[in-house]
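**Q** All residue numbers for the sequence shown refer to this note's numbering, where the first residue is 160 and numbers rise by one. Each residue gets a CB set at the ideal place from its N, CA and C atoms; glycine is no exception. To start, I am sharing the structure in question, which I have written as structure tokens.
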Amino acid sequence: MDTSDELLDTAGPAALLTPDGVIRSLNAAMAAALGRPAEQCLGRDFGDLWPASQRMSAESLVSHAAKTKAVAMRVLDFPARDGAPVASLIEARPVNDPASDEQLVWVHALDARNDLTSLLIPFRMATAAAHLGLWMYSPDDHQLEWLGGAPTVAALFPDPTMPLSRVMSAVDPDDQEALRQLLRSASAQKSPWVRLRYLPPHEGWHQLAAQTRRIQLGYGGPERIFGLIRDDTKQEKRKEEAQAALTAERQRAKDIADFSSALITAATEQELEQVVLTRLAATFGASGALLALVDEGRLRVSTDAGIAMWEAGVLHGLPLDHPSALPEAIRTGKPLLIPDREDYTRRWPHGAEFPRLGRLGSDYTTSITPLSEAGNQPLGAWLVTYGSGYRPSQDEMTLMGTLADLAGQALRRIRLQQARVELAAALQKTMLPRLPEHLAGLEIAARYRPSRDGLDIGGDWYDAFEMPDGAVALEIGDVQGHDVDAAALMGQVRLSMRAIAAQERDPGTVLTRTNELLTRMVPPRFASCTMLRLDPRDGQVIGTSAGHVPLLCAHKDGSHSVHELPGGPVLGVVPDTEYGEEIFTLDENSALVMVTDGVVEGPGLTLDAGLERVGTLAGAALRDGLNAEETADRVLDAAVAVDHLDDVAVLVVRRA
């Protein structure tokens, strides 16, 4: 597990709490969000620092993570001080203190910048339950976005996004100034209800009441004005009901499309949990949802705001062979619909009863949908509860099954990618060489970053080692391909060059003999390479290149030069090639920078422009008095801007 410092080293609010909710440590962002100096937060109960309306949710979030050792998420509003309250998606996760092995709870705000819609879902559900409508106003572009709510209110606003001028034109002229004042004076506190006469398209006048409040969406996110709409019109017309149904279906279709898209793009299990728990109940008009994933033969359960954490806790940790509904659905891959409490006890008389069925009415409905088909390795399931008397239709169950299939595919993809990344990291770590240390008069540093595509391993390599005569050999290269075979060949080439260099003094001869080895391989593979022999006593350098990127030399005054070395074609292509050499001197307080093409070439960057960029950075680093390690960091950071999918390697040698 990460160290405490790493868990708090995040741009958003984060804190480590004891299992009973006492703040052990927190970062500056959390202290700022809670509106108190950090020293006033330490040792305090986490829930006591929240407003009364948020206190119970904050305390139950921590309690669930501590007692069930499960991950839970909630949308909470950080208290407003000088500005608007901050609506944030908060995660509570059990961790162990690496120093004392004490159990702690890590509470932190998740990054929802790419999915701000998830922060709005609790507001939408609450407004719908209160028979209100909800809209969001952006003062910068003067646009109102309808977010949903009670269908009868939503029917009055047929377009999901409208300019303020269009809304204003439908308001009675005598009430227009009241609406403008309502938007201008919106604060962190709810405004009084303001009455407005409103004429929707093709309908008669409606008497509405509006209320506004300013809220910030996510830590560091944008501020928006949210408005509640209440329809005080006494009589409802059939046309309004038809429009309400159409609006609800339109919102349903949009929710399903958003749900599908978010499942497809989820990159981690945490993101998948976030997508499901913020969208599932809202999409299907349910009262609550939980997600159960299989972890080493047992269920790992997380919930949304509609199912209490103590209710989910009885399911957390159940084995797959447990005689109850949720494990059965996961084992068999078949969805279950439980219409009432009597049906549950009849079908699973020896199973742990889902607490909600016992607490609520006898006709309370529960549906369970597995995330994988029968015959596949069990992945998990989601469980949805519906209000008393509601029965989901067959179409709804089919649609939920389709979304569950998407979630299962996403989960398989995420887990496969995670396994591949772990394999790649382990393989690459074993193949990167150890650089020589404490060389008199020399500093050597290297950096490597894997490809951002495929298995995250490839054929870029670097090496530096002492030769028998006291000189230092430096090499950098790139083997054809970006797969396991390329990585394996890279290791062979690097070790072969070391073995040859132990017998041959000249870099040109080393490349000539390495080329002979590669040209005889079946199937043929090729590699580019630059090799230098540096004498640390006088700075003499003997260099050669096999079709590789030019060498860069940076100087103390900030200048740099591009060094095109003699040599020959890439290794492994032309048999019997003799590789030429050049002799030059590396001055004191100067550095040689060796890179692979991923550092200096990309879709929007030519080789010449890339070399100029790296040379300028390296020269500036030496002028600023940076050592070889810091210079290598600067060069690698610049490679990120190249937007190249290839591996990148950097080798810097500085003569002190």
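1. Go through its chain and collect everything with a Cβ distance to residue 352's Cβ below 8 Å, but skip five positions before and after it.
2. When burial is assigned at 16 or more other CB atoms within 10 Å of the CB, is residue 509 buried or exposed?
3. Mind checking who residue 690 pairs with in its DSSP beta bridge?
4. Nearest to residue 881 by alpha carbon, out of 481, 648 and 633?
5. Which complete alpha helix (DSSP H) runs does the segment 316 to 364 hold, if anything under 4 residues is left out?
6. For residue 175 and residue 231, what's the separation of their Cα atoms in angstroms?
7. Have a look at the DSSP bridge pairing and note the partners of residue 507.
8. In the DSSP output, which residue or residues are listed as bridge partners for residue 296?
9. Here's a check: name, in chain order, each residue in its chain whose Cβ is nearer than 7 Å to the Cβ of residue 322, leaving out the five neighbours to either side.
10. Report yes if the CB atom of residue 813 is closer than 8 Å to the CB atom of residue 786, and no otherwise.
11. Of the residues 567, 462, 498 and 780, which one's Cα is nearest the Cα of residue 440?
12. Residue 359 to residue 795, Cα distance in whole Å?
13. DSSP on residue 767, reduced to helix/strand/coil?
14. Would you call the segment 743 to 750 in contact with the segment 703 to 723, where contact means no fewer than 3 C-beta pairs closer than 8 Å?
15. Are the Cβ atoms of residue 451 and residue 459 separated by less than 8 Å?
16. Could you give the DSSP three-state label for residue 406: helix, strand or coil?
17. Three or more C-beta pairs closer than 8 Å, one from the segment 280 to 293 and one from the segment 305 to 324: is that the case here?
18. DSSP three-state call for residue 814: helix, strand or coil?
19. So which of 661, 736, 650 and 568 has the shortest CA-CA distance to residue 670?
20. For residue 254 and residue 225, which I take to be in contact (beta-carbon distance under 8 Å), what is that distance rounded to the nearest angstrom?
21. Which partner residues does residue 679 have in the DSSP bridge list?
22. When we look at the beta-carbon of residue 454 and count the other beta-carbons within 10 Å, is it buried (16 or more) or exposed?
23. Tell me which residues share the same chain as residue 728 and place their Cβ nearer than 8 Å to its Cβ, disregarding the 5 neighbours each side in the sequence.
24. On the DSSP bridge list, what partners appear for residue 750?
25. Give me the Cα-Cα distance between residue 595 and residue 603, rounded to the nearest whole angstrom.
26. Find the nearest neighbour of residue 223 within the set 482, 486 and 473, judged by alpha-carbon distance.
27. Does the distance from the CB of residue 268 to the CB of residue 249 come in under 8 Å?
28. Which residue from 202, 287, 177 and 238 puts its Cα closest to that of residue 251?
29. Between 547, 391, 354 and 343, which lies nearest to residue 373 when the distance is taken from Cα to Cα?
30. Report the partner residues of residue 390 according to the DSSP bridge assignment.
31. Going by CA-CA distance only, name the one from 485, 637 and 809 that's closest to residue 525.
32. Inspect the CB distances between the segment 690 to 704 and the segment 622 to 640 and report whether three or more fall short of 8 Å.
33. Per the DSSP calculation, residue 232 is bridged to which residue(s)?
34. Keeping to the same chain, check which residues put their C-beta closer than 7 Å to that of residue 778; ignore five residues upstream and five downstream.
35. Run the CB neighbour count on residue 286, radius 10 Å, all protein chains shown included, and call it buried at 16 or more, exposed below.
36. Under the rule that 16 or more other beta-carbon atoms within 10 Å means buried, what is residue 320, buried or exposed?
**A** Reading from the atomic positions:
1. Around residue 352: 368, 369, 370 and 389.
2. Its Cβ having fewer than 16 others within 10 Å, residue 509 is exposed.
3. Paired residue(s): 634 and 703.
4. An answer regarding residue 881 cannot be provided, because it is not within the stretch 160 to 815 covered by the chain.
5. You should have 323 to 328 and 335 to 343.
6. The C-alpha of residue 175 lies about 15 Å from the C-alpha of residue 231.
7. Partner(s): none; residue 507 has no beta bridge.
8. Checking the DSSP bridge columns, you'll see residue 296 partnered with 303 and 384.
9. Once the five neighbours on either side are set aside, the close Cβ partners of residue 322 are 301 and 302.
10. Yes, Cβ-Cβ distance for residue 813 and residue 786 is below 8 Å.
11. Looking at 567, 462, 498 and 780, the one whose alpha-carbon comes closest to that of residue 440 is 462.
12. Note on geometry: alpha-carbon atoms of residue 359 and residue 795 lie some 59 Å from one another.
13. Per DSSP, reduced to three states, the secondary structure at residue 767 is helical.
14. Yes, they touch.
15. Closer than 8 Å, so yes.
16. Reduced to three states, the DSSP call for residue 406 is helix.
17. Between the segment 280 to 293 and the segment 305 to 324 there are three or more inter-stretch CB-CB distances shorter than 8 Å, so the stretches are counted as touching.
18. Strand.
19. Nearest of 661, 736, 650 and 568 to residue 670, Cα basis: 736.
20. In fact, because the Cβ distance is near 11 Å, the residues do not count as touching under 8 Å.
21. Here residue 679 is not bridged, per DSSP, to any residue.
22. Residue 454 should be labelled exposed.
23. Cβ within range, chain order: 705, 706 and 736.
24. Its beta-bridge partners are 713 and 813.
25. Between the C-alpha atoms of residue 595 and residue 603 there is a straight-line separation of about 8 Å.
26. For residue 223, the closest alpha carbon among the candidates 482, 486 and 473 is that of 473.
27. Yes, the Cβ-Cβ distance between residue 268 and residue 249 is below 8 Å.
28. Of 202, 287, 177 and 238, the residue nearest in Cα terms is 177.
29. The shortest Cα separation from residue 373 among 547, 391, 354 and 343 belongs to 343.
30. 367, per the DSSP bridge assignment.
31. The candidate whose alpha carbon is nearest that of residue 525 is 485.
32. Pairwise C-beta distances place the segment 690 to 704 in contact with the segment 622 to 640, as three or more of them are shorter than 8 Å.
33. Paired residue(s): 250.
34. Excluding sequence neighbours, residue 778 sits near 713, 714, 717, 718 and 719.
35. Residue burial is scored here from C-beta neighbours: residue 286 has at least 16 other C-beta atoms within 10 angstroms and is therefore classed as buried.
36. Residue environment for residue 320: exposed (fewer than 16 other C-beta atoms within 10 angstroms of its C-beta).
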